[in-house]
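**Q** The structure under discussion is supplied below as structure tokens; questions concerning it will follow.
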Amino acid sequence: MQQVQLQSYGGPEVLNLTETTIPQAGPGEVLIDVEAAGVNFSDVLRRRNTYFMPTPLPYVLGAEAVGQIVEVGAGVDNPALKPGQRILGILPHGGAYAEFVTVPAQFCVPLPPHIDPAAATSIFVQGSTAHLILHQLVRDLEGKSILVHAAAGGVGSLLTQMAVMAGAKVIGTGSSEEKLARIEALGGIGVNYSQPNWVEKVVEANGGEKVDVVLEMVGGEIYSQSFGCLKQMGTMVVYGAASGQPGHHHSEGFVDEGHNLLSFNLAYFIRDRMADWQASLGAVIGLLAEGQLEVEVRHRYALKDVVQAHRDLETRKTTGKVVLLP
Numbered sequence: 283m284q285q286v287q288l289q290s291y292g293g294p295e296v297l298n299l300t301e302t303t304i305p306q307a308g309p310g311e312v313l314i315d316v317e318a319a320g321v322n323f324s325d326v327l328r329r330r331n332t333y334f335m336p337t338p339l340p341y342v343l344g345a346e347a348v349g350q351i352v353e354v355g356a357g358v359d360n361p362a363l364k365p366g367q368r369i370l371g372i373l374p375h376g377g378a379y380a381e382f383v384t385v386p387a388q389f390c391v392p393l394p395p396h397i398d399p400a401a402a403t404s405i406f407v408q409g410s411t412a413h414l415i416l417h418q419l420v421r422d423l424e425g426k427s428i429l430v431h432a433a434a435g436g437v438g439s440l441l442t443q444m445a446v447m448a449g450a451k452v453i454g455t456g457s458s459e460e461k462l463a464r465i466e467a468l469g470g471i472g473v474n475y476s477q478p479n480w481v482e483k484v485v486e487a488n489g490g491e492k493v494d495v496v497l498e499m500v501g502g503e504i505y506s507q508s509f510g511c512l513k514q515m516g517t518m519v520v521y522g523a524a525s526g527q528p529g530h531h532h533s534e535g536f537v538d539e540g541h542n543l544l545s546f547n548l549a550y551f552i553r554d555r556m557a558d559w560q561a562s563l564g565a566v567i568g569l570l571a572e573g574q575l576e577v578e579v580r581h582r583y584a585l586k587d588v589v590q591a592h593r594d595l596e597t598r599k600t601t602g603k604v605v606l607l608p
């Protein structure tokens with residue numbers, strides 16, 4: 283089979299398509315024939331070795347794979363996990379950038395047959411991240427004004443839809459007219475945050491008022507400037523720093539404005555609050571199965587084009603979910 287291996291850290295060019303032996307399902311595992319593998323910004327961070335936990339070498343990227351079970355290992359007693367069943371395989375330690383991958387049974391989520399495999403790759407990282415941020419951290423969304431950065435992206439587009447669904451007013455930022463049009467189509471108000479007056483535009487879009495909540499994952503100047511959009515006693519939730527740049531905000535600013543700063547890391551929910559994570563995962567699957575959640579999958583790449591997929595993601599040429607199709 284073919285598999286993308288990371289044997290050194292660096293730019294997209296360090297990703298190598300190699301041939302290797304198809305693995306066998308070990309005890310407590312299933313082997314799946316991968317139909318779609320999700321590409322996330324966390325994969326970029328792992329490739330650079332700037333993820334919050336070290337990335338060992340060699341390493342196979344990819345935390346989510348959708349495919350059909352072809353082999354069930356000893357000790358798997360879940361009757362839903364049988365050959366031919368399509369599942370979402372959750373791979374906290376990577377492995378999805380491949381034609382076949384083994385998945386521990388406890389990290390297998392059976393999928394309804396009518397869900398598009400490529401769209402289903404958004405359920406784990408993007409879907410549960412968006413749902414947990416909104417319903418475990420922000421809460422009480424009805425009537426709130428929420429600024430969502432990178433609102434046309436994988437997580438951002440789901441945050442926008444779920445927040446609108448819950449009765450919030452969403453102002454979403456993007457860096458191009460195409461992305462702003464996408465944000466508007468999802469029910470948000472688009473603001474171009476590559477323009478110098480974007481903070482004023484956000485306040486203007488909210489009827490002259492600053493927003494209740496900022497959902498931030500860019501870092502750098504965008505993080506620092508975002509406090510200018512936040513009303514007194516407002517809350518900022520930080521769940522990433524895609525720019526790789528540190529953001530700065532004087533501690534007196536929190537006291538003067540009564541601002542609240544929260545952070546989110548999906549890995550900690552999986553480890554320490556599994557029941558909450560599983561509930562969010564189920565909720566996202568339900569929304570997708572019922573057609574209430576739209577997942578845009580415009581950027582589909584063959585496994586051999588993984589280098590281009592990473593380049594496009596890093597240079598902000600993508601919207602929605604990015605997938606590899608082995």
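So the sequence shown is numbered by our numbering: it starts at 283 and just counts up by one.
Yeah, the Cβ is synthetic: ideal placement off N, Cα and C, and Gly gets one too.
Around the Cβ of His592, are there at least 16 other Cβ atoms within 10 angstroms (buried) or fewer (exposed)?
**A** As a position in the sequence shown, residue 592 is number 310, starting the count at 1. With 16 or more other Cβ atoms within 10 Å, it is buried.
**Q** Between which two residues does the alpha helix (DSSP H) carrying Ser427 extend?
**A** The residue labelled residue 427 in the question sits at position 145 within the sequence shown. Element bounds for Ser427: not the alpha helix (DSSP H) but the beta strand (DSSP E), 427 to 430.
**Q** For chain B, find out if any of its Cβ atoms is closer than 8 Å to the Cβ of Leu313; answer yes or no.
**A** Any reference to chain B falls outside this structure, which holds one protein chain only.
**Q** Just checking my contact of Ser404 with Gly320 at CB under 8 Å: how many whole Å lie between their CB atoms?
**A** The residue you call residue 404 lines up with position 122 of the sequence shown. The residue you call residue 320 lines up with position 38 of the sequence shown. Contact holds; Cβ gap of about 7 Å.
**Q** Could you round the C-beta distance between Gln507 and Val481 to whole angstroms and report it? I think they count as a contact, below 8 Å.
**A** Working through the sequence shown from its first residue, we reach residue 507 at position 225. Working through the sequence shown from its first residue, we reach residue 481 at position 199. Contact flag correct, Cβ pair sits at about 6 Å.
**Q** Please report how far the alpha carbon of Pro361 lies from the alpha carbon of Ala571, in whole angstroms.
**A** By 1-based counting over the sequence shown, the position of residue 361 is 79. By 1-based counting over the sequence shown, the position of residue 571 is 289. About 21 Å.
**Q** Could you tell me whether the stretch 547 to 561 touches the stretch 407 to 419, using the rule of 3 or more Cβ pairs below 8 Å?
**A** The stretch 547 to 561 vs the stretch 407 to 419: in contact.
**Q** Counting pairs of beta carbons, one from the stretch 389 to 398 and one from the stretch 422 to 433, are three or more of them closer than 8 Å?
**A** Counting Cβ pairs under 8 Å, fewer than three are found: no touch.
**Q** Which runs of the beta strand (DSSP E) spanning at least 3 residues fall entirely within the stretch 468 to 519, listed in chain order?
**A** The stretch 468 to 519 contains these whole beta strand (DSSP E) runs: 471 to 474, 493 to 498.
**Q** So, using beta-carbon positions, are Gly516 and Asp494 closer together than 8 Å?
**A** Against the sequence shown, residue 516 aligns to sequence position 234. Against the sequence shown, residue 494 aligns to sequence position 212. It is a contact, given that the beta carbons lie within the stated cut-off.
**Q** Rounded to whole angstroms, what's the CA-CA distance from Leu468 to Lys451? Just pull it up for me.
**A** Counting from one through the sequence shown, the residue named residue 468 turns up at place 186. Counting from one through the sequence shown, the residue named residue 451 turns up at place 169. C-alpha separation (whole angstroms): 12 Å.
**Q** Report the residue from Glu295, Leu297, Leu575 whose alpha carbon sits nearest the alpha carbon of Ala448.
**A** Walking along the sequence shown from the start, residue 448 turns up at place 166. Minimum Cα distance to Ala448 is reached at Leu575.
**Q** Pop quiz: Ile465 and Ala434 are said to be a contact at Cβ under 8 Å. What is the actual Cβ separation, rounded to whole angstroms?
**A** Your numbering for residue 465 matches position 183 in the sequence shown. Your numbering for residue 434 matches position 152 in the sequence shown. With 8 Å as the limit, Ile465 and Ala434 qualify as a contact, their Cβ atoms being about 6 Å apart.
**Q** On a CA-only basis, which of Val473, Gln418, Leu569, Glu460 is nearest Leu429? Give me that one, please.
**A** By one-based count along the sequence shown, residue 429 stands at place 147. It is Val473.
**Q** Using the C-alpha atoms, what's the distance from Asn547 back to Ala561?
**A** Working through the sequence shown from its first residue, we reach residue 561 at position 279. Working through the sequence shown from its first residue, we reach residue 547 at position 265. Their Cα atoms are separated by approximately 16 Å.
**Q** Figure out for me which residue from Ala402, Leu543, Val500, Phe334 has the closest Cα to the Cα of Glu596.
**A** Here residue 596 refers to the residue found at position 314 of the sequence shown. Of Ala402, Leu543, Val500, Phe334, the residue nearest in Cα terms is Val500.
**Q** State the start and end residues of the unbroken alpha helix (DSSP H) segment that holds Arg330.
**A** Within the sequence shown, numbered from 1, the residue matching residue 330 stands at position 48. Taken as a continuous stretch (DSSP letters only), the alpha helix (DSSP H) holding Arg330 covers 323 to 330.
**Q** What is the DSSP secondary structure of Ala347, counted as helix, strand or coil?
**A** Indexing the sequence shown from 1 puts residue 347 at position 65. In this structure, Ala347 counts as strand in the three-state DSSP scheme.
**Q** Excluding the 5 residues preceding and the 5 following Lys586 in the sequence, name in chain order all residues of the same chain whose CB lies nearer than 7 Å to its CB.
**A** Taking the first residue of the sequence shown as position 1, residue 586 is located at position 304. Closer than 7 Å at the Cβ level, and outside the excluded window around Lys586, lie Leu299.
**Q** Between Ser476, Leu462, Ala402, which lies nearest to Gly568 when the distance is taken from Cα to Cα?
**A** For the purposes of this step, residue 568 is taken as the residue at position 286 of the sequence shown. Gly568 has its Cα closest to that of Ala402, out of Ser476, Leu462, Ala402.
**Q** Scan the stretch 524 to 551 and note each continuous alpha helix (DSSP H) run of 4 residues or more that stays entirely inside, going in chain order.
**A** The stretch 524 to 551 contains these whole alpha helix (DSSP H) runs: 533 to 539.
**Q** If I measure Cβ to Cβ from Gln287 and keep anything under 7 Å in the same chain, skipping five residues before and after, which residues do I get?
**A** The residue labelled residue 287 in the question sits at position 5 within the sequence shown. Here the set comprises Asn298, Thr300, Pro340, Val342.
**Q** Can you list, in chain order, the residues of its chain whose CB lies under 8 Å from that of Leu373, leaving out five sequence neighbours each side?
**A** Here residue 373 corresponds to residue number 91 of the sequence shown, with the count starting at 1. Closer than 8 Å at Cβ, skipping near neighbours: Gly344, Ala345, Glu346, Ala347, Val383, Val385, Phe389.
**Q** Evaluate Pro365 with the Cβ neighbour count: other Cβ atoms within 10 Å of its Cβ, from every protein chain shown; 16 or more gives buried, anything less gives exposed.
**A** Sequence index remark: in the sequence shown, residue 365 carries index 83 (1-based). When all chains shown are included, Pro365 counts as exposed.
**Q** Please give me, in chain order, every unbroken run of the beta strand (DSSP E) with length at least 3 that falls completely inside the stretch 366 to 414.
**A** Runs found: 368 to 372, 382 to 386, 390 to 392.
**Q** Could you check which residue in Gly292, Lys513, Gln527, Gly349 has the C-alpha nearest to that of Asp538?
**A** Position 256 of the sequence shown, counting from 1, holds the residue named residue 538. The candidate whose alpha carbon is nearest that of Asp538 is Lys513.
**Q** Should Glu578 and Gly602 be called a contact, given that it needs their Cβ atoms to be closer than 8 Å?
**A** To locate residue 578, count along the sequence shown from 1; it is residue 296. To locate residue 602, count along the sequence shown from 1; it is residue 320. Taking 8 Å as the Cβ cut-off, Glu578 and Gly602 qualify as a contacting pair.
**Q** If you compare alpha carbons, which of Gly376, Leu563, Lys461, Ile453 is closest to Lys610?
**A** The shown model of the chain, from 283 to 608, leaves out residue 610, and the question about it has no answer.
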